[in-house]
Structure formats: C-alpha cells, structure tokens
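Student: Heads up: take any position in the sequence shown, counting from 1, add 64, and you land on the numbering used here.
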Amino acid sequence: MKDVLERIAAVVGSAGLVTDETGMAPHMKDWRGRYSGRPLAVVRPASTRAVAEVVKICAETRTAIVPQGGNTGLQGGGITDASGTQILLSTGRMNRVRAVDALNNTITVEAGCVLEHVQRAAEDAGRLFPLSLGAEGSATLGGNLSTNAGGTGVLRYGNTRDLALGLEVVLASGEVWDGLRGLRKDNTGYDLKHLFIGAEGTLGVITAAVMKLYPLPAARLTAIAAVGSPHDALRLLSIAQRQSGDALTGFEMISDFCITLLVKHFPATRTPFDARHPQYVLMEISDARSEASARAAIESILAEGMEAGIARDAVVAQSLSQVNAMWAMREDITEAQRLEGLNVKHDVSVPISRIAEFMDATEAALRRAYPDVRLVVFGHLGDGNLHYNVCGPQGVAPEVFLREEAGVTRIVHDSVARFNGSISAEHGLGQLRREEIRRYKSALELDLMRKLKAALDPLGIMNPGKVL
Ligand code: FAD
Ligand code: MLT
Ligand code: ZN
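(1) Which residues does DSSP list as the beta-bridge partners of residue 93?
(2) Expressed to the nearest angstrom, what Euclidean distance is found between the alpha-carbon atoms of residue 192 and residue 319?
(3) Is residue 136 near ligand 1, with its Cβ less than 7 Å from a heavy atom?
(4) Can you tell me whether DSSP reads residue 279 as helix, strand or coil?
(5) Please classify residue 331: is it buried, with 16 or more other beta-carbons within 10 angstroms of its beta-carbon, or exposed?
(6) Jot down the residue ranges of each uninterrupted alpha helix (DSSP H) in the stretch 196 to 251, minimum 4 residues, whole runs only, in chain order.
(7) Could you tell me which whole beta strand (DSSP E) segments of length 3 or greater appear in the stretch 104 to 191?
(8) In the DSSP assignment, the alpha helix (DSSP H) including residue 317 goes from what residue to what residue?
(9) At the level of alpha carbons, what is the spacing between residue 507 and residue 433?
(10) In whole angstroms, what is the alpha-carbon distance linking residue 476 and residue 121?
(11) If I follow the unbroken alpha helix (DSSP H) through residue 369, where does it start and stop?
(12) Tell me the DSSP bridge mates of residue 444?
(13) Comparing alpha-carbon positions, which option in 238, 239 and 260 lies nearest residue 224?
(14) Quick test of the definition: if touching needs 3 or more C-beta pairs under 8 Å, does the stretch 284 to 295 touch the stretch 371 to 384?
(15) Straight-line CA distance for residue 486 to residue 446?
(16) Quick one: using the 10 Å Cβ neighbour count with 16 as the cut-off for buried, is residue 231 buried or exposed?
(17) DSSP three-state call for residue 411: helix, strand or coil?
(18) Considering only heavy atoms of ligand 2, does any lie closer than 7 Å to the CB of residue 86?
(19) With hydrogens ignored, establish whether the beta-carbon of residue 198 is closer than 7 Å to any heavy atom of ligand 2.
(20) How should residue 131 be labelled, buried or exposed, when 16 other C-beta atoms within 10 angstroms of its C-beta is the threshold for buried?
(21) What residues are listed by DSSP as bridge partners for residue 290?
(22) So which of 458, 366, 377 and 92 has the shortest CA-CA distance to residue 343?
(23) Per DSSP, residue 526 forms a beta bridge with which residues?
(24) Measuring CA to CA, which of 134, 88 and 496 is closest to residue 208?
(25) Do you know offhand how far residue 323's Cα is from residue 335's?
(26) Apply the 10 Å Cβ neighbour rule to residue 226 and answer buried if 16 or more other Cβ atoms are within range, or exposed otherwise.
(27) Just to check, is the beta-carbon of residue 90 closer than 7 Å to a non-hydrogen atom of ligand 1?
(28) Do residue 464 and residue 453 come within 8 Å of each other at the CB atom, strictly closer than that value?
(29) Which class does residue 351 belong to by DSSP, given the choice of helix, strand or coil?
(30) Per DSSP, which residues does residue 274 bridge with? Please list them.
(31) Given the structure, does residue 395 come close to ligand 2, in the sense that its CB is under 7 Å from one of the ligand's heavy atoms?
(32) With a threshold of 8 Å, are at least 3 pairs of Cβ atoms found where one atom belongs to the stretch 194 to 212 and the other to the stretch 232 to 239?
(33) Hey, residue 274 and residue 172: beta-carbon distance below 8 Å or not?
(34) Residue 491: buried (16+ other C-beta within 10 angstroms of its C-beta) or exposed?
(35) Counting along the chain, where does the alpha helix (DSSP H) carrying residue 466 start and finish?
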C-alpha cells in the first residue's frame, strides 16, 4: 500500500495527496451523515493526464477508486468502504471552464467545476445553463453527470443526460477517451457517453464535458398556489402547460408538513399564506420577452385555477427577493429534514398522470402498517418525481423509527412498482439502493448491466459495491 501511495504522490505531488485525518474528514462522510468510510488516501489530481496516471497505477495494483465531486450525493455513492484500502479520487482541483461557444450554445467544463460556477460562466456569455438544484453551490458537474441529476428545470430542459453533448472520460484501464464533441447530430454508432452518465463512477472517471446552453430568458417569475390535494395540483399543472407550454420551467409540489419542518428549523420562514393548506405548488415561468409578459402569463394560469376552484389561494412574487425567498423555501426542505434527524428517504417517479393516485394508494398502505407516520412529501411534480420521505410518529426518536426502514421502504417501493415507476428517479442507486434494485429490475436488465460493467471495468476497481 505504501508503494501505491508513493507512486501516486509522484504523479499528483504533495498538494494532490491527503492522508491525514483532518484533511480526509470532509470526504469520509456523506451529506446526510448516513454513510462513513475510511480511504487509504484522498487523491486530488489537477489534470486529466494526472487522473489517467493515477488510474493506471490503481489498475496495476488492483486498488479500488471511489470518485467524489462535491460530496452532496444522497445515496452514499461517493463514500469509500471502511477498509482503508480504497483511494478516494476527488475532482476538486479540476475545476476550469475550458471554453464557451456562444454561437454553438455549448460550454466545455472540467468535472470538478461547481454547478453554480458553470451557471455563472454561461450567464457571463449571455446564455443559460439550466441545470438547477438545491446543492448547486457545492455539487460538481462530474457528480451531476455521474448521477444524471434532475433538479427543478427538468420539465422544460431535461435532466443532466439531456444536457450533455460530449464527454472526456478516463477509463478503468487508465486510457483517456476524448469524446468532447459539441454536436447536436452524430449517429456514428453506439452513443458511448450515455454509458458513463448515471453510472455513478462505476465505469470510469468523467474528467470533462461539453454541455448545452440556452438563451437567457428576459424574465423568470415564480408564484405559489395553495391546493387541496395532489389531484388539484395535477389539474393546475395541466392548465399551466396548456396556457404556457415551454415557458413553464418549474412546477414543484410541497406538502404542508414540509412547511412545519421549515418553520421549526428556520424560524425566519414566512408561511406562504395566513391559513395552512394540504399542498402548495411553486411554479416558475421563464419569458423570452419581458417581466410584464411573464407576470401576465402566471396571473392568467392562477386566474383560471382559482375560477375552476382548483387553487385555494395564490401569491405571485413581486420582486427578485420574493422569487428567491420562494425558491429558498422549496430548497431548504432538505436541510430542514437533516436538522430534524434521519428519516426514511425515497426518491421515486411514476407517470405524471398517476402521481396523485400513487400518493393516495401509498399513504393508505403505509397507514395500515404505521398509522401515525408523518409524511415529508415534496418534489418535482412536473416530472412525476416525488421525494416521498417518511418520519416516525411525533415523539419517536429518528434513530428508533429508522429501525422500521426496511418495512416502510418495502411498502413505498412496492407501490411504486404497481404504478410502473422507478425507485430512484434522480439520485441514483449508490449504496442505499444497491440491494433494493434487484427486486425491481428484471434479471435480464441486471445481467446486461453486469456485462457492461465487466467489459468496461474487468478488474472491478471502479467504485466497487455501488450500483451493482
Ligand atoms: P458526489 O456526491 O461527489 O458523487 C455522486 C456520485 O457520482 C458518486 O457515486 C461518485 O462516485 C460519482 N462521481 C462524482 N464525480 C464523478 C466523476 N467525475 N466521474 C465519475 N464519477 C463521479 N439531486 C438531484 O438530482 N436533484 C435535486 O434537486 C437535488 N437536490 C439536492 C439538494 C441538496 C440540499 C442536496 C444535499 C443534494 C441534492 N441532490 C439533488 C443530490 C446531489 O446534489 C446530486 O446527486 C449531485 O449531482 C451530486 O453531485 P456531487 O458533485 O456532489 O457528487
Ligand atoms: C430536492 O429535490 O430537493 C432534492 O432532490 C433533495 C432531496 O431529495 O432532499
Ligand atoms: Zn429532487
């Protein structure tokens, strides 16, 4: 092992090799504090060439590599095991924007670049990079690609996979695949980039990518509407899509218990309305013309919703600070849950048309087994993706309720399966869902996945114990 570290140190230098406890600590635990590991070392290469050299050394010595970007993943995918034999490859020093081609509407970025920096670089060039999520101040583009992250703009712009045009990847052999092409059309055989997107570091290390950009909208405006049920939230979605089409760039749903958690943990939170309601919808309109046009569009959607008795109350942001406050309310839910203590977390999707029915059926099934659970349900209604999280009854400590995790998850995921859904919509499998997926994916699909893994990583050194 000493020999491996000496060889790696010769490639990355002292700035690129961390072995002391304090330096390794931020990389050893996941964001929720659910998983912890002990790496042999944290290796921080500063270039694709250095990543390739490190991977070659690891292949020769059969040393496992766990890639890590911003360490905001929620499935334990970027955490090593506890053996002290795996190296944690952090992409933090590979954070350059290599090029922006405004006419081609593309940006070429290194994997360790923080998502917010990619957004800013696009904006500086008068363009929009539309991937947006609560962890964007720390999550990296490499992590986004490797988890095929979703976020709040998917209903208009698609998930990370849809935004990627080309990749540069260090393969498990240490060879570099340069697929950094910025083409909208390229039908020259298998589209290899899609193997690495969503692979959670199990097939290679993504070192850079060419991503799509869009025109910057002239205005982005948000509103919050109160509705009586998820069925009404869906009706409002239908009105918003009919009226505004592609201008509808966000449609999130927040259940009332999320507001209770926000108020508890962020006392400065202002509830959207004086009265409380079962569900709230946060919608965003992006308008190519003007703020006045965005305002007219959002007011027209809400007016129809109110007239039809679907929206019980509604408020349109009057200023940028109100827009930001509305989004903060949505995005702080994850942190509020962390402060409350671990709950039983799920990240599920079902066809959008069936999401309300799914919620009714799942809640009924859950309450038969666990009558007093509290549901922290919120998410990307416009994508059919819910974070269907379950807290124990009032007064039961989170760590005590967590003993019921397997039973709770079985009920939720079996319900997802009955609705032809997915047990991981946007967070990936990591460690958390690695066993679980065997119940829901066909033997044929799992076999194909294992064959791909064996073909691309025959020595099994890339992020072992994750996904498969
Ligand atoms: P990490 O956590 O470091 O790693 C994630 C996985 O990718 C690991 O398996 C790791 O091994 C692998 N990996 C990382 N970099 C590379 C690379 N260069 N090459 C190969 N493999 C690599 N996710 C959503 O989809 N939508 C959301 O709305 C959303 N909101 C969030 C809000 C909060 C507050 C938090 C904490 C998380 C949220 N997430 C969300 C989850 C998380 O932010 C995303 O999964 C994000 O894409 C992870 O990026 P990262 O750089 O932190 O990756
Ligand atoms: C979100 O949509 O806020 C995230 O995916 C994070 C979470 O599930 O808590
Ligand atoms: Zn989400």
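Heads up, the beta-carbon is just placed ideally off N, CA and C, and yes, glycines get one too.
Tutor: So, from the listed chains and residues:
(1) As a working mapping, residue 93 is identified with position 29 in the sequence shown. Beta-bridge pairing links residue 93 to 100.
(2) In the sequence shown, counting from the first residue as 1, residue 192 sits at position 128. In the sequence shown, counting from the first residue as 1, residue 319 sits at position 255. Approximately 30 Å between the Cα atoms of the pair.
(3) As a first step, residue 136 must be located in the sequence shown, where it is residue number 72. Yes - ligand 1 has a heavy atom lying nearer than 7 Å to the Cβ of residue 136.
(4) Along the sequence shown, read from residue 1 onward, the residue named residue 279 stands at position 215. In the structure shown, residue 279 sits in a strand (DSSP, three-state: E or B).
(5) Your numbering for residue 331 matches position 267 in the sequence shown. It counts as exposed.
(6) 205 to 211, 218 to 221 and 224 to 227, all fully within the stretch 196 to 251.
(7) 105 to 107, 129 to 132, 151 to 154, 161 to 165 and 170 to 174
(8) By 1-based counting over the sequence shown, the position of residue 317 is 253. Where residue 317 is concerned, there is no enclosing alpha helix (DSSP H), although the beta strand (DSSP E) it sits in stretches over 312 to 319.
(9) For the purposes of this step, residue 507 is taken as residue 443 along the sequence shown, with counting starting at 1. For the purposes of this step, residue 433 is taken as residue 369 along the sequence shown, with counting starting at 1. Using only the alpha carbons, I get a separation of about 30 Å.
(10) Locating residue 476 in the sequence shown gives position 412, where the first residue counts as 1. Locating residue 121 in the sequence shown gives position 57, where the first residue counts as 1. Going from the Cα of residue 476 to the Cα of residue 121 covers about 43 Å.
(11) By 1-based counting over the sequence shown, the position of residue 369 is 305. It spans 355 to 371 - the alpha helix (DSSP H) in which residue 369 sits, taken as one unbroken run.
(12) Walking along the sequence shown from the start, residue 444 turns up at place 380. Answer is 449.
(13) The residue you call residue 224 lines up with position 160 of the sequence shown. Closest option to residue 224, Cα to Cα, is 260.
(14) yes
(15) Taking the first residue of the sequence shown as position 1, residue 486 is located at position 422. Taking the first residue of the sequence shown as position 1, residue 446 is located at position 382. For residue 486 and residue 446, the distance between alpha carbons rounds to 16 Å.
(16) On the sequence shown, position 167 is the one that residue 231 refers to. When all chains shown are included, residue 231 counts as buried.
(17) Along the sequence shown, read from residue 1 onward, the residue named residue 411 stands at position 347. In the structure shown, residue 411 sits in a strand (DSSP, three-state: E or B).
(18) Here residue 86 is taken as the residue at index 22 of the sequence shown, counted from 1. No, Cβ of residue 86 sits at least 7 Å from all heavy atoms of ligand 2.
(19) For this step, residue 198 is matched to residue 134 along the sequence shown. The answer is yes for residue 198.
(20) In the sequence shown, counting from the first residue as 1, residue 131 sits at position 67. Residue 131 should be labelled buried.
(21) Numbered from 1 along the sequence shown, position 226 holds the residue referred to as residue 290. In the DSSP assignment, residue 290 is bridged to 344 and 377.
(22) As a position in the sequence shown, residue 343 is number 279, starting the count at 1. Here the closest residue by C-alpha is 377.
(23) In the sequence shown, residue 526 corresponds to position 462, counting from 1. Answer is 129, bridged to residue 526.
(24) Working through the sequence shown from its first residue, we reach residue 208 at position 144. Of the candidates 134, 88 and 496, the one whose C-alpha sits nearest the C-alpha of residue 208 is 134.
(25) By one-based count along the sequence shown, residue 323 stands at place 259. By one-based count along the sequence shown, residue 335 stands at place 271. Going from the Cα of residue 323 to the Cα of residue 335 covers about 7 Å.
(26) Here residue 226 corresponds to residue number 162 of the sequence shown, with the count starting at 1. Label assigned to residue 226: exposed.
(27) Taking the first residue of the sequence shown as 1, we reach residue 90 at position 26. No; taking the cut-off as 7 Å, the Cβ of residue 90 has no heavy atom of ligand 1 nearer than that.
(28) Position 389 of the sequence shown, counting from 1, holds the residue named residue 453. Position 400 of the sequence shown, counting from 1, holds the residue named residue 464. No, the Cβ-Cβ distance between residue 453 and residue 464 is not below 8 Å.
(29) For the purposes of this step, residue 351 is taken as the residue at position 287 of the sequence shown. Strand at residue 351.
(30) The residue given as residue 274 occupies position 210 in the sequence shown. 172 and 230.
(31) Your numbering for residue 395 matches position 331 in the sequence shown. Residue 395: yes, Cβ under 7 Å from ligand 2.
(32) Not touching, per the Cβ criterion.
(33) Your numbering for residue 274 matches position 210 in the sequence shown. Your numbering for residue 172 matches position 108 in the sequence shown. It is a contact, given that the beta carbons lie within the stated cut-off.
(34) Sequence index remark: in the sequence shown, residue 491 carries index 427 (1-based). Buried, because 16 or more other Cβ atoms sit within 10 Å of the Cβ of residue 491.
(35) As a position in the sequence shown, residue 466 is number 402, starting the count at 1. Looking at the DSSP string, residue 466 is not in any alpha helix (DSSP H), and its letter there is neither H nor E.
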